[in-house]
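Residue numbers (my numbering): 14 to 197.
No residue lacks a Cβ here, since even glycine has one placed at the ideal position from N, Cα and C.
A quick note: this is a predicted structure, and the numbers were derived from the prediction, not measured.
Please read the structure below before turning to the comments.
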Amino acid sequence: MTVMPPRRRDVTREIAIEPLAHHHAESLFDAVDASRSTLRAWLPWVDATRAVDDSRAFIDSAMQEWQAGTAMHFAILWRGELAGACGFNRIVASRRMAALGYWLSHDVTGHGIITACVRELLTLGFDELGLHRVELHCGEHNLRSRAVAERLGFTEEGRLRECEWINEEPVMHVVYGILAHEAR
Numbered sequence: 014m015t016v017m018p019p020r021r022r023d024v025t026r027e028i029a030i031e032p033l034a035h036h037h038a039e040s041l042f043d044a045v046d047a048s049r050s051t052l053r054a055w056l057p058w059v060d061a062t063r064a065v066d067d068s069r070a071f072i073d074s075a076m077q078e079w080q081a082g083t084a085m086h087f088a089i090l091w092r093g094e095l096a097g098a099c100g101f102n103r104i105v106a107s108r109r110m111a112a113l114g115y116w117l118s119h120d121v122t123g124h125g126i127i128t129a130c131v132r133e134l135l136t137l138g139f140d141e142l143g144l145h146r147v148e149l150h151c152g153e154h155n156l157r158s159r160a161v162a163e164r165l166g167f168t169e170e171g172r173l174r175e176c177e178w179i180n181e182e183p184v185m186h187v188v189y190g191i192l193a194h195e196a197r
């Protein structure tokens, strides 16, 4: 598997994803801050994102991971504005697998944005990166996230009991997987 050069990908006429870069820092923070109350129910990093500098630090890390070939983080643009983020949070080239993740601002949910972005990530992963498997882990009560996986043909493969702490509570993850030949 080779490291892909960062580039913008038009998903639909209204949706694009582009590699996270320094110019996204303020809008990324603003999107997190505006959706803080909904995002913090599912994502452990939200409360630690308190200032634009926290978003800058994340973007620095994301760019380093991209260069190392261990992750690919994208800004989600909807109608030209940053609306969230998605990508492969972990790429294991030796196993031809990746784990994906995503989040979206609360004010733009319900438009099929995440489903379209994940479909694009699957195309990127299987057709361009040569992955064999993509995984998604999400909280068992995160029904919207689970619906995306099920809508796109992922198979529920199991559960990880109390594998993450969010808001001082243990969270069970549902593990979904999809193989290259299943996504076609």
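Could you compute how far the alpha carbon of residue i sits from the alpha carbon of residue j?
i	j	result
Asp-140	Leu-90	22 Å
Trp-178	Val-24	33 Å
Arg-146	Met-110	5 Å
Leu-165	Leu-134	12 Å
Val-105	Gly-114	15 Å
Thr-51	Phe-167	24 Å
Gly-190	Met-85	18 Å
Pull the bridge partners of residue i from the DSSP assignment, please.
i	result
Gly-82	DSSP output for Gly-82 lists no bridge partner at all.
Val-184	Glu-177
Trp-91	Ile-28, Glu-94
Ile-191	Val-147
Asp-23	Ala-29
Between the beta-carbon of residue i and the beta-carbon of residue j, is there less than 7 Å?
i	j	result
Cys-224	Ile-30	With the chain represented from 14 up to 197, any question about residue 224 goes unanswered, as that position is not in the structure.
Val-65	Glu-39	yes
Gly-97	Ser-118	yes
Thr-122	Val-161	no
Closest by CA to residue i, which one among the options?
i	options	result
Leu-41	Cys-99, Glu-175, Thr-136, Ala-193	Cys-99
Thr-7	Ala-61, Phe-101, Gly-123, Ala-34	Outside the displayed range of the chain (14 to 197) lies residue 7, so it cannot be described from this structure.
His-154	Thr-136, Gly-138, Arg-174	Arg-174
His-37	Leu-95, Pro-57, Arg-63	Leu-95
Val-188	Ala-160, Cys-176, Glu-182, Leu-149	Leu-149
Glu-181	Arg-53, Pro-32, Arg-26	Arg-53
Arg-159	Pro-32, Trp-55, Leu-33	Trp-55
Val-45	Pro-32, Arg-69, Arg-26	Arg-69
Asp-120	Arg-92, Trp-79, Ser-48	Ser-48
Ala-75	His-194, Arg-26, Pro-32	Pro-32
Gln-80	Ile-28, Met-185, Ala-34	Ala-34
Hey, is residue i's beta-carbon within less than 7 Å of any beta-carbon in chain C?
i	result
Ile-104	Of the protein chains in the structure, only one exists, and it is not chain C.
Enumerated in chain order, which unbroken segments of the beta strand (DSSP E) with a length of 3 residues or greater are wholly contained in the segment 98-174?
110-117, 146-152
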